[in-house]
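S.K.: Position one of the sequence shown corresponds to residue 11 (this note's numbering), numbered consecutively onward. Where a beta carbon is used, it is the ideal one built from N, C-alpha and C, also for glycine. For reference, the structure I am asking about is given below.
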Amino acid sequence: MYKILISGSQGFLGKHLVAKLRELGHLVIGCGRSGVHIRDKGYIYRARMPIEALDPGWCKDLGITHIFHLASSTCGSEIRNDPQGFLRNSLLGVLNVIDIARFCDVQRIFFASTAKVYGAVYDSPLTEDLPPSPTNYLGKVKRICEQALAIVTGK
């Protein structure tokens, strides 16, 4: 059984991932900005605890083995109304994921980026072999986060 931290576990992708991982018998620890605290068989959710504020010590106490970093604003108006806040939350979030991973000896980090890092590519399916060429703010910020993860993991 793995102990898996999921940021954005109450979001669209997160809810489905939580259900599947619980079905497979893993302990899922979720965190996010919304909702109420949940403690159920195989699931712990820290409400009002965004990934950028999560304490690595708390994660170590739980024995986190894997991290899925899904949390991000995808709402265009949120990004337009506070681009600096979006950048700050995104960068602090990925930096804290890196800190948690190092502190807890996490086996693997999964990062949910966006197809926007490839710019206006209309071929399907998109592959990670395509050269990054973000053309909008979301794509540019996600690309910076990908690069930060690549620097520290050497991948």
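#1: Can you round the beta-carbon distance between residue 171 and residue 83 to whole angstroms, since I take them to be within the 8 Å contact cut?
#2: Once the 5 residues before and after residue 142 are set aside, which same chain residues still bring their CB inside 6 Å of it?
#3: For residue 79, which residues of its own chain have a beta-carbon under 6 Å away from its beta-carbon, when the five flanking residues on both sides are left out?
#4: Would you mind working out which of 163, 44, 137 sits nearest residue 60, comparing C-alpha positions?
#5: Taking only runs of the beta strand (DSSP E) that begin and end inside the segment 44 to 114, which ones reach a length of at least 3 residues, in chain order?
#6: With distances taken between CB atoms, is the gap from residue 74 to residue 13 smaller than 8 Å?
#7: Distance check for residue 25 and residue 85, CA to CA, integer angstroms please.
#8: Given this structure, state the Cα-to-Cα distance separating residue 38 from residue 28, to the nearest angstrom.
#9: Using the Cβ count rule (16 or more neighbours within 10 Å means buried), how would you classify residue 56?
#10: If you draw a straight line from the alpha carbon of residue 145 to that of residue 51, how long is it in whole angstroms?
#11: Within the segment 11 to 37, note down every full alpha helix (DSSP H) run reaching 4 residues or more, in order along the chain.
#12: Assuming residue 102 contacts residue 62 under a Cβ cut-off of 8 Å, what Cβ separation, rounded to an integer in Å, is found between them?
#13: Span of the alpha helix (DSSP H) holding residue 156?
#14: Per DSSP, which one or two residues make a beta bridge with residue 40?
M.R.: So, from the listed chains and residues:
#1: Beyond the ends of the chain as shown, which are 11 and 165, falls residue 171; an answer cannot be given.
#2: Hits under 6 Å: 127, 153.
#3: Cβ within range, chain order: 17, 107, 121.
#4: Looking at the Cα atoms, 44 is the closest of the given residues.
#5: Those beta strand (DSSP E) runs which fall completely within the segment 44 to 114 and span 3+ residues are 48 to 50, 53 to 56, 76 to 79.
#6: In contact: residue 74 and residue 13 (Cβ atoms closer than 8 Å).
#7: If you draw a straight line from the Cα of residue 85 to the Cα of residue 25, it is about 18 Å long.
#8: Near 7 Å, if we compare the C-alpha coordinates of residue 28 and residue 38.
#9: Buried: at least 16 other Cβ atoms inside 10 Å.
#10: About 43 Å.
#11: Within the segment 11 to 37, the complete alpha helix (DSSP H) segments at least 4 residues long are 22 to 33, listed from N- to C-terminus.
#12: Right, the Cβ-Cβ distance comes to about 4 Å (below 8 Å), so this counts as a contact.
#13: Run containing residue 156: 147 to 163, per the alpha helix (DSSP H) assignment.
#14: For residue 40, the pairing in a beta bridge is given by DSSP as 16, 55.
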